[in-house]
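Before any comments, here is the structure.
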């Protein structure tokens, strides 16, 4: 099973903090998990995700780029 795990950002803390642990449970059951983040922010959660063997994709630019909103 392939799972796309989407999060707002790889900011240290918040929802990004437990991603490595949560996705490890999924991967232990045989799932192929990739993480997709809308923005980097401070990126402090990224090293733990990469160290845990996750494939992480961070969108370039801001979350609302191109629609005139501030992000």
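In this note's numbering, the protein residues as written are 113 to 183. We put the beta carbon where it would ideally sit given N, CA and C, even for glycine. What you are looking at is a predicted structure, and each value in this text was computed from that prediction instead of being measured.
Exposed or buried, which one is residue 134 when buried takes at least 16 other CB atoms within 10 Å?
Reading the chain shown from its first residue, position 22 is the one you call residue 134. Label assigned to residue 134: exposed.
With distances taken from CA atoms, which of 164, 152 and 172 is nearest residue 138?
To locate residue 138, count along the chain shown from 1; it is residue 26. Nearest of 164, 152 and 172 to residue 138, Cα basis: 164.
Nearest-angstrom beta carbon gap, residue 166 and residue 147 [assumed within contact, 8 Å]
By 1-based counting over the chain shown, the position of residue 147 is 35. By 1-based counting over the chain shown, the position of residue 166 is 54. Going by Cβ atoms, the distance from residue 147 to residue 166 rounds to 5 Å, so yes, they are a contact pair.
Which listed residue (169, 158 and 162) has its alpha carbon closest to that of residue 126:
The count along the chain shown starts at 1 and reaches residue 126 at position 14. Answer by Cα proximity: 158.
Output the distance between the C-alpha atoms of residue 142 and residue 152, rounded to the nearest integer angstrom.
Within the chain shown, residue 142 is the residue found at index 30, counting from 1. Within the chain shown, residue 152 is the residue found at index 40, counting from 1. Roughly 28 Å between the two C-alpha positions.
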